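Accompanying notes for the structure given below.
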Amino acid sequence: MNNLMKTGLGLILACCMPFTHAQSAPKVIDLTSRPGVIQRMLVLAPAQPKAAVILLAGGHGGLQISPDGNIHWGKDNFLVRTRQLFADQGFLVVVPDAPSDRLSPPFLRGSRETPEHVTDIKAVIAWIRSQTKAPVWLVGTSRGTQSAAYVATQLAPPDGPDGIALSSSILVDDREGASVLSMPVEKLKIPVLIVHHEQDGCHLCPYTLIPKLMNKLTDAPRKQLLSFTGGENIGNACNSAAHHGYNGLDNEVVGKMSTWMLAN
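Letter by letter, the sequence shown follows residues -22 to -1, 1 to 242 of mature numbering (1 follows the signal peptide of the UniProt record, and there is no 0).
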């Protein structure tokens, strides 16, 4: 049994290193999501949250969050690096790690569309609902959109989210799972926000397929596309420093996303 498992069952709260502009000190929270499995998450909580966001990182999703809140992988991921910006907009922010039974390679690769993953995210949503009556949004970027979209198709509120926001959506199937386009998103009856960079060069996320995704959201009571151009484009086209990760556009993207999500 690893050190994380030894923390035991139930909720375990530990204060982390404070952020300069945090409204309250971030915390690491461990909760039992499945028998013998601990789901760790980093939480930023304003005094009176307007809504809550669960920020699902892309890639393999194994952030390897330490008890003091240090993130050992994915610090530059769009949603991970902008977590404080979401908190500044009035959101209760939750950044989940991979669960304790997937804390080594391949982490979440190939498992984002499984009952176990749904159960883990369901536990995170339930914890948030125990803390606030504010709406809960699942927000995914890149591979995280596979998680957010799949969970939303499996769980309706209150077990599932009240809305989802998908940035840099995976739109092409590959060996790591189905694309968002291949999922039954037409049955979603919650608000859906689609965020995409028009110059996204990642081969799994072509902007040309975005109209097809928007047209498939037939039952969403509210849906919106926020598209962006410009910023910096550095290195691998599927990484966070490229247009795929909205490099140089953090404030604009988070600001527009927040305005739309809080407009209910």
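Glycine residues also receive a C-beta, built at the ideal position from the N, C-alpha and C atoms.
Please read these numbers as outputs of a predicted model, since none were measured by experiment.
Use the C-beta contact count for residue 131: other C-beta atoms within 10 angstroms, 16 or more gives buried, fewer gives exposed.
-> Numbered from 1 along the sequence shown, position 153 holds the residue referred to as residue 131. Looking at its Cβ environment, which holds 16 or more other Cβ atoms inside 10 Å, residue 131 is buried.
Distance, residue 204 Cα to residue 241 Cα = Residue numbering aside, residue 241 sits at position 263 when the sequence shown is read from its first letter. Residue numbering aside, residue 204 sits at position 226 when the sequence shown is read from its first letter. Looking at the two C-alpha atoms, the distance is approximately 14 angstroms.
Rounded separation between residue 104 and residue 222 - CA only = The count along the sequence shown starts at 1 and reaches residue 104 at position 126. The count along the sequence shown starts at 1 and reaches residue 222 at position 244. Rounded to the nearest angstrom, the two C-alpha atoms are 31 angstroms apart.
Using 10 angstroms around the beta-carbon of residue 60, count the other beta-carbons present and answer buried if the total reaches 16, otherwise exposed.
-> Here residue 60 is taken as the residue at index 82 of the sequence shown, counted from 1. Buried, by the Cβ-count rule.
Three-state secondary structure (DSSP) of residue 19 | One-based indexing of the sequence shown puts residue 19 at position 41. DSSP places residue 19 in strand when its eight states are reduced to three.
Check whether residue 32 and residue 96 have beta carbons under 8 angstroms apart | The count along the sequence shown starts at 1 and reaches residue 32 at position 54. The count along the sequence shown starts at 1 and reaches residue 96 at position 118. Cβ atoms of residue 32 and residue 96: not closer than 8 angstroms.
Check whether the Cβ atoms of residue 78 and residue 99 lie closer than 8 angstroms to each other.
-> In the sequence shown, the residue the question calls residue 78 occupies position 100. In the sequence shown, the residue the question calls residue 99 occupies position 121. Not a contact, by the Cβ cut-off of 8 angstroms.
Using the rule of at least 16 other Cβ atoms within 10 Å of the residue's Cβ for burial, across every protein chain shown, is residue 82 buried or exposed?
-> Along the sequence shown, one-based indexing puts residue 82 at 104. The residue is exposed, with fewer than 16 neighbouring Cβ atoms inside 10 Å.
With distances taken Cα to Cα, identify the nearest neighbour of residue 16 among 94, 140 and 49.
-> Within the sequence shown, the letter at position 38 stands for residue 16. Nearest of 94, 140 and 49 to residue 16, Cα basis: 94.
State the beta-bridge partners of residue 64 as determined by DSSP.
-> For the purposes of this step, residue 64 is identified with residue 86 of the sequence shown, where counting begins at 1. DSSP lists no partner for residue 64.
Three or more C-beta pairs below 8 angstroms linking the segment 146 to 157 and the segment 116 to 125 | yes
Length-filtered (4 minimum) alpha helix (DSSP H) runs lying within the segment 86 to 121 = 93 to 109
Using 8 angstroms as the Cβ pair cut-off and three pairs as the minimum, do the segment 19 to 34 and the segment 43 to 61 touch?
-> yes
Excluding the five sequence neighbours on either side, which residues of its own chain have a C-beta within less than 6 angstroms of the C-beta of residue 201, listed in chain order?
-> For the purposes of this step, residue 201 is taken as residue 223 along the sequence shown, with counting starting at 1. Result list for residue 201: 170 and 195, in chain order.
Relative to the alpha-carbon of residue 88, which residue among 137, 227, 22 and 36 has its alpha-carbon at the smallest distance?
-> Walking along the sequence shown from the start, residue 88 turns up at place 110. Ranking the options by Cα distance to residue 88, first place goes to 36.
Please state whether DSSP places residue 243 in a helix, a strand or coil.
-> One cannot answer for residue 243 here, as it falls past the ends of the chain, which runs -22 to 242.
In terms of residues, what are the limits of the alpha helix (DSSP H) holding residue 57?
-> Counted from its first residue, the sequence shown places residue 57 at position 79. Start and end: 56 to 59.
Could you give the DSSP three-state label for residue 157: helix, strand or coil?
-> As a first step, residue 157 must be located in the sequence shown, where it is residue number 179. Residue 157: coil per DSSP, three-state reduction.
Taking residue 167 as part of the beta strand (DSSP E), name the residues at either end of that continuous run.
-> Taking the first residue of the sequence shown as 1, we reach residue 167 at position 189. Unbroken run through residue 167: none, as it is neither H nor E.
Could you check what DSSP says for residue 177 in three-state terms: helix, strand or coil?
-> By one-based count along the sequence shown, residue 177 stands at place 199. Of the three classes helix, strand and coil, the one that applies to residue 177 here is coil, per DSSP.
In the DSSP assignment, find the beta strand (DSSP E) that holds residue 70 and state where it starts and stops.
-> Here residue 70 refers to the residue found at position 92 when the sequence shown is read from its first residue. Residues 69 to 74.
Residue 229 to residue 66 span [Cα, whole Å] = The residue given as residue 229 occupies position 251 in the sequence shown. The residue given as residue 66 occupies position 88 in the sequence shown. So the alpha carbons of these two residues sit roughly 11 angstroms apart.
Taking buried to mean at least 16 other C-beta atoms within 10 Å of its own C-beta, is residue 193 buried or exposed?
-> Sequence index remark: in the sequence shown, residue 193 carries index 215 (1-based). Its Cβ having fewer than 16 others within 10 Å, residue 193 is exposed.
Give every residue of the same chain whose Cβ lies closer than 8 angstroms to the Cβ of residue 43, excluding the five residues on either side of it in the sequence, and list them in chain order.
-> Here residue 43 refers to the residue found at position 65 of the sequence shown. 6, 18, 19, 20, 49, 50, 73 and 75.
Secondary structure at residue 234, three-state DSSP: helix, strand or coil?
-> The sequence position of residue 234 within the sequence shown is 256, counting from 1. Here residue 234 sits in helix by DSSP.
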